[in-house]
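Protein chains in written order, with our numbering: chain A, 12 to 230; chain B, 12 to 230.
Below is one structure, written out as structure tokens; comments come after it.
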DNA sequence: GCGCACAATATTGTATACAATATCCACAAT
DNA sequence: ATTGTGGATATTGTATACAATATTGTGCGC
């Protein structure tokens, strides 16, 4: 929340900055975002701040109440469950399409992403989360489907919000094996196996996260 | 584009107004939207206009170029194909979930929506489109999955844009039968049949639309 | 007649001023 | 003590003013 780069337009800089802050968990779910305060922190007027907040609200990362400002969105346990149901379907589709359409460059990127993820220290929650996301993005990218990529962006954001509410740790005995199986199936161009592997992975992971989320109250 | 109602906030009124205009095809794909012009037409300042345009851009209905304003989005043939691939998956999921989770009220709404659709004059393109959309929305609603509803909203918008580019007519010999089969499967709580029926319907419809889209150039 | 440069114009981007609404604290009435 | 009312304060919502960038058109040179 200190310095920030402007791409060309101030509002885009603010948007990127705040989006990352929410997705990285620097802004906690439920936290209120005041326009004047943000403007002072980033050294810009309220106008680009407002426009960035508007976009983030439309993304579903923030919740706006009329005349009451915006807050970082919190998802109920039910919404979290719903999200993983959809994610299972869409991740499965992404894996199947990636198996069918991936290029040699995609294959290299997928291998690299998984290697990075395996190399990350198991104790580093943020790095783990970031690299896991990168791996899944590589799969979606390899699917070469623009609509899927757009929708997946929304889902990624929801999952990030859920994770920050639960602080569920990524590591799991089966995670590495599942990732490997998924990658193998994609590279082998076996779209059915890839779809199954992706769906299984989402299911196990969802069970983990939802188990953590369940005990808490659902505001 | 003449009168418009304001819910409470001006920007929300502008947003709803413009969104409907784009989705109804009153604003043609590719058409440029000037801020001062819109402000004059709707009788408000540029600020709420800008904020509405920002949100619509984030929705994917408009395309913004820096310092060059926004235009109604046009989708390439490839993007249209991609959209229907995803829609097939998500409509299938929605139908399956609706079959599992629909309430008596949902069932009544589904029946009513389909009846309305059947009753609409086959020559009324706009009514046909609107009621078809309402039927599909009823299904998604009956699925009782918030995440799916949100994502479906994005897909609906894309499909609306595609349709306005092609002006494909909704009517098709198989459409009525497919709708009926889909509804029957949902009401019978047969989620596999419902999923298949939805996917089949999307496929036949996609083929129709894409066939119309293909001849045209892809800007 | 064609093309480039440059100015005139228009439009978007940002900042600020003003209005409307909500929040919060003090204080009184029960 | 608690609750309700009122005003003071703060924050959002809208309008407008100013700055920066793009577009357009005109004139000059070739």
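Just so it is clear, CB atoms sit at the ideal spot from N, CA and C, and this is done for glycine as well.
Computed from a predicted structure; not experimentally measured.
- Between residue 212 of chain A and residue 176 of chain A, the gap from beta carbon to beta carbon reaches 8 Å or more.
- Shown here for residue 26 of chain B: same chain residues with a beta carbon closer than 6 Å to its own, the five before and five after excluded, namely 63, 66 in chain order.
- At least one CB of chain A lies nearer than 8 Å to the CB of residue 93 of chain B.
- Interface annotation for the stretch 151–175 of chain A against chain B: 156, 157, 158, 159, 161, 162, 165, 169, criterion Cβ-Cβ distance under 7 Å.
- The shortest C-alpha to C-alpha distance from residue 161 of chain A to any of B/55, B/72, B/155, B/46 is the one to B/72.
- Counted as a single uninterrupted DSSP element, the alpha helix (DSSP H) harbouring residue 217 of chain A occupies residues 202–224.
- The beta carbon of residue 85 of chain B sits closer than 7 Å to those of 40, 41, 176, 230, all from its chain and outside the five residues before and after it, given in chain order.
- For residue 91 of chain A, the enclosing alpha helix (DSSP H) starts and ends at 88–112.
- Look at residue 69 of chain B: its C-beta is under 8 Å from a C-beta on chain A.
- Beta bridge pairing from DSSP links residue 43 of chain A with A/82.
- If you check the CB distance, residue 101 of chain A and residue 166 of chain A come in under 8 Å.
- Beta-bridge partners assigned by DSSP to residue 75 of chain A: A/81.
- The beta-carbon of residue 224 of chain A is placed no less than 8 Å from the nearest beta-carbon of chain B.
- Taking CB atoms only, residue 211 of chain B has no neighbour in chain A less than 8 Å away.
- Between residue 82 of chain B and residue 46 of chain B, the alpha-carbon positions lie close to 11 Å from each other.
- In the three-state reduction of the DSSP assignment, residue 159 of chain A falls in the helix class, which pools H, G and I.
- Residue 163 of chain B is classed as buried because its beta carbon has at least 16 other beta carbons within 10 Å across all chains shown.
- Within the same chain, and ignoring the five residues on either side of residue 21 of chain B in sequence, the residues whose Cβ sits closer than 7 Å to its Cβ are 55, 59.
- Along the stretch 18–47 of chain B, the positions whose C-beta sits under 7 Å from a C-beta of chain A are 19, 20, read in chain order.
- With a cutoff of 8 Å on beta-carbon distance, residue 197 of chain B and residue 106 of chain B are scored as near each other.
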